[in-house]
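>
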Amino acid sequence: MQVANMWRESVAAIVCQVVLGTSGGYIANMWRESVAAIACQVVLGTSGGYSLLGQFGGDLPMMFGAHNPQFRNLLEKIQPSNAPHVQMASLSELCEQLTMSSSEEMLALSGFRADAFVPVLATLVAAPPSDSMDILLLACRALATILDVMPSAVDIAVAANVVASLCDKLLNIEYMDVAELALRMLERLCSSSAGRAAALHENGVVALLQFVDFFAVDVQRTAARTAALLCTDATSIPTLQSTGGLQLVHALTRSFDADIVYHGIDCLDR
Numbered sequence: 005m006q007v008a009n010m011w012r013e014s015v016a017a018i019v020c021q022v023v024l025g026t027s028g029g030y031i032a033n034m035w036r037e038s039v040a041a042i043a044c045q046v047v048l049g050t051s052g053g054y055s056l057l058g059q060f061g062g063d064l065p066m067m068f069g070a071h072n073p074q075f076r077n078l079l080e081k082i083q084p085s086n087a088p089h090v091q092m093a094s095l096s097e098l099c100e101q102l103t104m105s106s107s108e109e110m111l112a113l114s115g116f117r118a119d120a121f122v123p124v125l126a127t128l129v130a131a132p133p134s135d136s137m138d139i140l141l142l143a144c145r146a147l148a149t150i151l152d153v154m155p156s157a158v159d160i161a162v163a164a165n166v167v168a169s170l171c172d173k174l175l176n177i178e179y180m181d182v183a184e185l186a187l188r189m190l191e192r193l194c195s196s197s198a199g200r201a202a203a204l205h206e207n208g209v210v211a212l213l214q215f216v217d218f219f220a221v222d223v224q225r226t227a228a229r230t231a232a233l234l235c236t237d238a239t240s241i242p243t244l245q246s247t248g249g250l251q252l253v254h255a256l257t258r259s260f261d262a263d264i265v266y267h268g269i270d271c272l273d274r
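First residue of the sequence shown? That's 5 in my numbering, and the numbers climb one at a time after it.
1. How is the alpha helix (DSSP H) around proline 123 delimited, first residue to last?
2. Report all residues from its chain with a CB closer than 7 angstroms to the CB of valine 216; omit the five preceding and five following residues, and keep chain order.
3. Starting from the Cα of arginine 192, find the closest Cα among Leu250, Asn207, Phe260, Val158 and give me that residue.
4. To the nearest angstrom, report how far apart phenylalanine 75 and alanine 262 are at their CA atoms.
5. For glutamate 191, which of helix, strand or coil comes out of DSSP?
6. Within a Cβ cutoff of 7 angstroms, which residues of the same chain sit near serine 136, ignoring the five residues on either side of it in sequence?
7. Give a yes or no on whether the C-beta atoms belonging to alanine 202 and valine 162 are separated by under 8 angstroms.
8. Per DSSP, what kind of secondary structure is glutamine 83 in: helix, strand or coil?
9. Would you mind reading off the limits of the alpha helix (DSSP H) that contains glutamine 101?
10. Less than 6 angstroms between C-beta atoms, sequence neighbours within five positions excluded: which residues of the same chain meet that for phenylalanine 60?
11. Per DSSP, what kind of secondary structure is glutamate 184 in: helix, strand or coil?
12. In terms of residue numbering, what span does the alpha helix (DSSP H) encompassing aspartate 138 cover?
13. By Cβ distance below 8 angstroms, which residues in the same chain neighbour aspartate 237 in space, the five residues on each side in sequence not counted?
14. Under a three-way DSSP split, which group does arginine 225 fall into?
15. For glutamine 251, does the three-state DSSP call read helix, strand or coil?
16. How is phenylalanine 75 classed by DSSP in three states: helix, strand or coil?
17. Can you give the Cα-Cα distance for alanine 118 and isoleucine 150, rounded to whole angstroms?
18. Give me, in chain order, the residues of the same chain whose beta-carbon lies closer than 7 angstroms to that of arginine 188; leave out the 5 immediate sequence neighbours on both sides.
19. Quick check on this structure: which residue in Glu184, Ala232, Ala146 has the alpha carbon closest to the alpha carbon of valine 124?
20. Could you have a look at aspartate 261 and say whether DSSP puts it in helix, strand or coil?
21. Use the C-beta contact count for aspartate 181: other C-beta atoms within 10 angstroms, 16 or more gives buried, fewer gives exposed.
22. Just to confirm my understanding: we take threonine 103, look at its own chain, exclude 5 residues before and 5 after, and list those with CB closer than 7 angstroms. What are they?
23. Rounded to whole angstroms, how far is the Cβ of valine 210 from the Cβ of isoleucine 160, which I believe are closer than 8 angstroms?
24. Ordered along the chain, which non-local residues of its own chain (more than five positions away) have a Cβ less than 8 angstroms from that of alanine 93?
25. Nearest to leucine 256 by alpha carbon, out of Leu250, Gly249, Gly268?
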């Protein structure tokens with residue numbers, strides 16, 4: 005217990021330093037000192053800090069991020085205008101940083117802004133530098149992690165036309181690793197009505213299921229679950245039939261895996 009408390013106090017001190025600046029007191033603004041105090045209370049687990057934290061709304065992440073340039077520098081370096089080797093190194097570092105955050109709150113406090121990163125990553129997924137599979141894969145990994153950790157990023161990704169890019173990657177598979185990440189991301193994106201509408205517009209059922217047998221069983225289950233989500237908003241059976249989706253849905257019901265069969269039947273019931 006004593007070790008845990010010492011660890012939490014150390015983290016609180018670090019948070020205070022981030023807000024106040026590394027030079028010790030060059031920011032003499034009472035507002036920022038108040039924010040630092042609240043941040044410490046949050047890390048230490050006091051209820052007052054959580055209550056006050058909510059009053060700052062969306063401004064708090066920007067205040068923290070202003071004194072933590074790490075994500076800002078990464079954002080600059082992954083831009084499509086940079087050399088591929090710079091993009092690759094920065095995307096790799098971004099993936100590492102994202103995997104260290106287990107919640108949306110942690111990412112927000114670290115200064116990460118989904119509205120800044122997601123559109124850039126969406127561009128890299130849609131049109132990576134020629135002959136650069138590594139950049140495409142790293143951009144997909146970063147985007148998938150963001151969607152896993154930050155539910156609020158789903159709408160941003162849908163607005164950035166990510167669904168169309170992912171469906172295209174699945175309809176024209178070049179790299180299995182990218183395709184698996186595309187399936188994982190589509191499940192997240194189709195949790196929203198806007199995401200489902202975008203996927204149906206891009207022939208999403210076929211994109212999800214036409215090559216499903218080539219994937220491992222757990223990936224097949226993801227594809228089947230997402231197809232069931234899409235069928236919730238499918239306007240009619242003839243629409244699915246005309247695109248070839250209905251035949252693929254029927255094939256799910258003949259799977260050897262009970263979960264996949266269940267989702268196939270669920271597709272038809274909807």
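Glycine is no exception: its CB is placed at the ideal position from the N, C-alpha and C atoms.
Please read these numbers as outputs of a predicted model, since none were measured by experiment.
So, to answer that:
1. 118 to 130
2. Gln224, Ala227
3. Val158
4. 43 angstroms
5. helix
6. Pro88
7. yes
8. coil
9. 88 to 103
10. Bear in mind that a pLDDT of 46 at phenylalanine 60, under 50, signals an unreliable position, so the number given afterwards is only what the model happens to contain. Answer for phenylalanine 60: no residue qualifies.
11. helix
12. 137 to 153
13. Ser197, Arg200, Ala201, Leu204
14. helix
15. helix
16. helix
17. 8 angstroms
18. Ala148, Thr226
19. Ala146
20. coil
21. exposed
22. Thr149
23. In fact, because the Cβ distance is near 26 angstroms, the residues do not count as touching under 8 angstroms.
24. Lys81
25. Gly268
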